[in-house]
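Numbering (the UniProt record's numbering), first residue to last: 1 to 643. Positions of the beta carbon are idealized from the N, C-alpha and C atoms, including for glycine. Single-structure report; data block below.
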Amino acid sequence: MNLKKYFVRALHRLQKGPGYTYKELLVWYCDNTNTHGPKRIIKEGPKKKLIWFFLTLLFASLVFWQWGILINTYLSYNVTSSLSIGFKTMKFPAVTVCNANPFKYSEVKHLLKELDRLIEAALERILQPAPGNSSENASPPLDLRLWHQIPLVLIDEHDKENPVILDIFESNQTAGGSQTAAGNQTAEGNQTSAEKKYKLAVKLCSHQGSDNCTYRNFTSAAQAVTEWYILQSTSILSKVPLQERIRMGYQAEDMILACLYGAEPCNYKNFTQIYHPDHGNCYIFNWGMDEEALNSSNPGAEFGLKLILDISQQDYIPYLSSAAGARLMLHQQKSFPFLKDQGIYAMAGTETSIGVLVDELERMGYPYSDCTNNGSDVPVKNLYGQYNTSYSIQACLRSCFQNHMTEICGCGHYMFPLPEGVNYCNNEDNPGWAYCYSSLRSSITHRQICIDSCKETCNDTQYKMTISMADWPSEASEDWIFHILSYERDMSTNVTLDRNGIIKLNIYFQEYNYRTISESAATTIVWLLSSLGGQFGFWMGGSVLCLIEFGEIIIDSLWITVINVIGWCKGLKQRRAQARYPDAPPTVSELVEAHTNLGFQHEDAGALPQDEALPPEPGTPPPNYDSLRVQPLHVLGPDSDAE
Numbered sequence: 001m002n003l004k005k006y007f008v009r010a011l012h013r014l015q016k017g018p019g020y021t022y023k024e025l026l027v028w029y030c031d032n033t034n035t036h037g038p039k040r041i042i043k044e045g046p047k048k049k050l051i052w053f054f055l056t057l058l059f060a061s062l063v064f065w066q067w068g069i070l071i072n073t074y075l076s077y078n079v080t081s082s083l084s085i086g087f088k089t090m091k092f093p094a095v096t097v098c099n100a101n102p103f104k105y106s107e108v109k110h111l112l113k114e115l116d117r118l119i120e121a122a123l124e125r126i127l128q129p130a131p132g133n134s135s136e137n138a139s140p141p142l143d144l145r146l147w148h149q150i151p152l153v154l155i156d157e158h159d160k161e162n163p164v165i166l167d168i169f170e171s172n173q174t175a176g177g178s179q180t181a182a183g184n185q186t187a188e189g190n191q192t193s194a195e196k197k198y199k200l201a202v203k204l205c206s207h208q209g210s211d212n213c214t215y216r217n218f219t220s221a222a223q224a225v226t227e228w229y230i231l232q233s234t235s236i237l238s239k240v241p242l243q244e245r246i247r248m249g250y251q252a253e254d255m256i257l258a259c260l261y262g263a264e265p266c267n268y269k270n271f272t273q274i275y276h277p278d279h280g281n282c283y284i285f286n287w288g289m290d291e292e293a294l295n296s297s298n299p300g301a302e303f304g305l306k307l308i309l310d311i312s313q314q315d316y317i318p319y320l321s322s323a324a325g326a327r328l329m330l331h332q333q334k335s336f337p338f339l340k341d342q343g344i345y346a347m348a349g350t351e352t353s354i355g356v357l358v359d360e361l362e363r364m365g366y367p368y369s370d371c372t373n374n375g376s377d378v379p380v381k382n383l384y385g386q387y388n389t390s391y392s393i394q395a396c397l398r399s400c401f402q403n404h405m406t407e408i409c410g411c412g413h414y415m416f417p418l419p420e421g422v423n424y425c426n427n428e429d430n431p432g433w434a435y436c437y438s439s440l441r442s443s444i445t446h447r448q449i450c451i452d453s454c455k456e457t458c459n460d461t462q463y464k465m466t467i468s469m470a471d472w473p474s475e476a477s478e479d480w481i482f483h484i485l486s487y488e489r490d491m492s493t494n495v496t497l498d499r500n501g502i503i504k505l506n507i508y509f510q511e512y513n514y515r516t517i518s519e520s521a522a523t524t525i526v527w528l529l530s531s532l533g534g535q536f537g538f539w540m541g542g543s544v545l546c547l548i549e550f551g552e553i554i555i556d557s558l559w560i561t562v563i564n565v566i567g568w569c570k571g572l573k574q575r576r577a578q579a580r581y582p583d584a585p586p587t588v589s590e591l592v593e594a595h596t597n598l599g600f601q602h603e604d605a606g607a608l609p610q611d612e613a614l615p616p617e618p619g620t621p622p623p624n625y626d627s628l629r630v631q632p633l634h635v636l637g638p639d640s641d642a643e
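Okay, here's the thing in structure tokens:
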């Protein structure tokens with residue numbers, strides 16, 4: 001019951017309003033507020049009142065302008081970077097080592113035999129353009145099917161505006177002489193057309209026999225030959241099963257001759273094998289997939305990883321791998337090694353020492369930066385997830401490219417993992433794959449889509465390397481070292497190793513100091529509130545209580561406005577009712593008199609019997625009400641009866 005009374009009183013209070021008019025409310029606020037300026041407006045004379053009104057309006061505008069700048073600065077979510085140096089026992093990085101050559105030539109020679117014969121014949125024609133100087137007449141006939149799928153052509157640029165395309169394997173070397181080159185890459189060089197008569201290019205067409213072709217031009221024939229050979233070998237090797245490709249690569253027991261981690265011996269069994277499309281079989285030490293990551297007990301070369309590798313340079317594929325050595329990379333545990341982007345080479349016949357320093361990066365997430373913790377909020381499907389590795393932006397970019405290629409070209413590139421239900425591209429099943437791949441790779445639009453879709457990781461560890469090299473083994477010690485290593489690998493007393501295939505690696509922490517580069521918010525909510533209050537106090541001498549007072553007057557003004565609107569609506573409703581009934585409604589006494597008079601008339605005129613007369617409905621005027629209003633009734637009184 002008390003609660004009901006409380007709500008009734010509250011409702012009456014709301015209906016009553018604050019009890020002020022707008023003018024009274026404004027005067028009360030100016031007289032009682034703690035903000036400087038409004039008091040002077042109502043207390044000073046006319047001239048000073050105008051001056052203080054102008055100053056108050058000016059400084060209030062400055063306050064709102066400064067507030068806008070501060071709020072916009074806060075909403076920009078800027079960050080500041082801080083550098084801190086710490087000291088602790090650190091996990092030794094994962095070390096991936098690969099051979100620069102992906103396959104043993106002796107194992108893949110039967111697959112690349114026709115391709116090698118084609119490139120050798122093409123080089124003969126390029127280097128000895130006169131037909132009589134070629135030695136191919138003594139060789140078996142060439143299978144030109146591979147050549148016609150992705151041909152190499154010579155571009156005669158004597159006429160710069162109308163270059164002529166020359167087919168290398170035409171007998172007169174002038175077939176298609178009226179064809180012009182419309183390459184997507186312009187060849188650049190310091191030599192003039194008189195010094196360099198021809199340029200070699202790779203011709204890529206949407207399908208065989210099509211005029212929709214593009215030419216990839218190169219400043220050097222060596223670059224063109226390598227690019228052409230990679231495209232052709234990619235098509236051939238993509239049809240080989242994965243297990244067969246692993247078998248054709250370098251095995252761990254042949255490649256890793258010696259291993260020592262700190263004072264503990266190790267061997268090839270301590271490495272995890274993965275297949276890398278660029279480098280074939282790769283081996284990862286301390287990957288942390290099956291076992292806990294190893295810690296480094298102390299900094300220095302004596303406490304790091306020591307390896308002796310054999311790269312078997314004599315078994316390299318001549319036209320595929322022009323560089324000889326080992327490719328290695330330091331990276332975090334459970335991350336996929338992208339050696340083509342982040343790896344380094346170790347040269348054969350040398351001892352390479354790599355001192356490592358650690359940088360830890362800590363980025364702030366949304367809304368301060370567009371980074372991700374594990375890639376779950378990235379719209380690109382990570383194709384490298386089949387390796388059970390962590391997310392990285394390199395994996396995202398390659399997955400995005402492969403997804404676009406499978407959608408546009410209908411097949412996947414050999415260098416990247418495949419989505420489900422898709423096959424690798426090859427010349428037989430996908431004749432225009434090289435043209436599609438080249439167009440997609442040079443497309444800025446698709447590249448930007450992938451860049452916008454992928455995100456950096458919020459936390460990352462980078463390994464800074466200091467590299468030094470020396471000849472190894474020395475001339476004085478190479479005999480006994482090669483004898484021992486040959487015996488340990490082949491159980492042979494003969495020397496089966498040489499300087500061109502041996503590499504020694506030393507990988508260690510230079511020091512246990514690590515750097516942490518972390519981001520922090522440049523502007524916080526505390527900074528925003530203090531800055532807003534500082535500007536308000538400086539320009540108008542106000543505080544939070546002044547803002548509460550200002551909020552109070554706004555609420556009261558809205559309250560008065562609502563009550564006035566409700567009163568106006570009621571008045572409008574009454575005016576509409578008066579317009580429908582111009583005369584005032586009858587009073588109770590008038591209704592009684594009308595009913596009484598109606599009864600007298602029925603008696604005098606012989607009205608209907610009493611049981612047939614129906615009483616009027618309550619609240620309705622009698623039928624002859626209008627006539628009664630026009631001609632007022634004269635009710636007989638006692639005096640009239642006397643007369």
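Practice item. Starting from the C-beta of T493, find all residues in its chain whose C-beta is less than 7 Å away, skip the five residues before and the five after it, and write them out in chain order. Key: Y487
Review point. On the three-pair Cβ rule with 8 Å, is the stretch 75-83 touching the stretch 540-559?
Key: no
Review point. H331 bridges to which residues according to DSSP?
Key: A94
**Study point:** Environment of F285 [buried if 16+ CB atoms lie within 10 Å]
**Key:** buried
Point to revise | Three-way DSSP call (helix, strand, coil) for F59 in this model | key: helix
Exercise for review: Just the C-alpha distance for H634 and T596, rounded to the nearest angstrom, thanks.
Suggested key: In this prediction, H634 scores a pLDDT of 45, lower than 50, which makes its location untrustworthy; the coordinate-derived value is nonetheless stated afterwards. Straight-line Cα distance between these residues: approximately 12 Å.
Check your understanding: In whole angstroms, what is the alpha-carbon distance linking P265 and C259?
Key -> 6 Å
Review point. Should Y22 be counted as a contact of the ligand SAM given a C-beta to heavy atom distance under 7 Å?
Key: The ligand SAM is absent from the structure shown, which contains no ligand whatsoever.
**Study point:** Other residues of its chain near N2: CB distance less than 8 Å, five sequence neighbours each side excluded
**Key:** none
Review point. Which residues bound the beta strand (DSSP E) around P265?
Key: E264 to C266
Check your understanding: Thinking just about the alpha-carbon of each residue, which of R398, W472, I451 and S312 is nearest to the one in Q251?
Key -> S312
Practice item. Using the Cα positions of residue 644 and N212, report the straight-line distance between them to the nearest angstrom. Key: The shown model of the chain, from 1 to 643, leaves out residue 644, and the question about it has no answer.
Review point. Which word fits V97, buried or exposed, when buried means at least 16 other C-beta atoms lie within 10 angstroms of its C-beta?
Key: buried
Check your understanding: Since T360 sits in a beta bridge, which residues does DSSP pair it with?
Key -> The displayed chain sequence assigns Glu, not Thr, to residue 360. According to DSSP, E360 bridges with T461 and T516.
Point to revise | Under the three-state DSSP convention, the category H207 falls into | key: coil
Point to revise | When D156, H158, D167 and F303 are compared against L144, the one with the closest alpha-carbon | key: D167
Check your understanding: Can you tell me the Cα-Cα spacing of P122 and F169, whole angstroms?
Key -> Going by the sequence as given, residue 122 is Ala instead of Pro. A122 and F169: Cα-Cα distance of roughly 7 Å.
Check your understanding: Taking the C-alpha atoms as reference points, what is the distance between L505 and V380?
Key -> 37 Å
Point to revise | Buried versus exposed call for L70 [16 or more other C-beta atoms within 10 Å across all chains shown] | key: buried
Point to revise | Contact belief for E157 with K199 at Cβ below 8 Å, rounded distance in angstroms | key: 6 Å
Check your understanding: Is C411 helix, strand or coil by DSSP?
Key -> coil
**Study point:** Helix, strand or coil at L497 according to DSSP, with G and I counted as helix
**Key:** coil
**Study point:** Assigned secondary structure, N2 (DSSP; H/G/I helix, E/B strand, else coil)
**Key:** helix
Check your understanding: If you pair each beta-carbon of the stretch 36-51 with each one of the stretch 467-481, do three or more pairs fall below 8 Å?
Key -> no
Point to revise | Outcome for D341 when other beta-carbon atoms lying within 10 angstroms are tallied against a minimum of 16 | key: exposed
Point to revise | Close beta carbons around N459, own chain, < 8 Å, minus the five adjacent residues each side | key: E360, L361, E362, R363 and N373
Review point. First and last residue of the alpha helix (DSSP H) that includes H276?
Key: No alpha helix (DSSP H) holds H276; the beta strand (DSSP E) holding it covers F271 to H276.
Practice item. Return helix, strand or coil for K306, following the three-state DSSP convention. Key: strand
Point to revise | Start and end residues, beta strand (DSSP E) containing G286 | key: First, the amino acid is wrong: residue 286 is Asn here, not Gly. That residue, N286, is in no beta strand (DSSP E); it is neither H nor E in DSSP.
Exercise for review: Grab me the residues of I354's own chain with a C-beta within less than 6 Å of its C-beta, minus the 5 sequence neighbours each way, in chain order.
Suggested key: M465, I467 and I507
Check your understanding: Curious, which full-length beta strand (DSSP E) runs of at least 3 residues does the stretch 210-250 contain?
Key -> 213-217
**Study point:** Span of the beta strand (DSSP E) around L449
**Key:** According to the sequence shown, residue 449 is Ile rather than Leu. Per DSSP, I449 belongs to no beta strand (DSSP E); it is in the alpha helix (DSSP H), I444 to S453.
Practice item. Could you name the residues that DSSP lists as bridge partners for P466? Key: Correcting the residue type first, residue 466 is Thr in the shown sequence and not Pro. DSSP output for T466 lists G355 as bridge partner(s).
Exercise for review: Report the rounded CA-to-CA distance for E292 versus K91, giving the unit in angstroms.
Suggested key: 10 Å
Point to revise | Between the CA atoms of S477 and A470 - distance to the nearest angstrom | key: 14 Å
Review point. Mind checking K573: buried by the 16 CB within 10 Å criterion, or exposed?
Key: exposed
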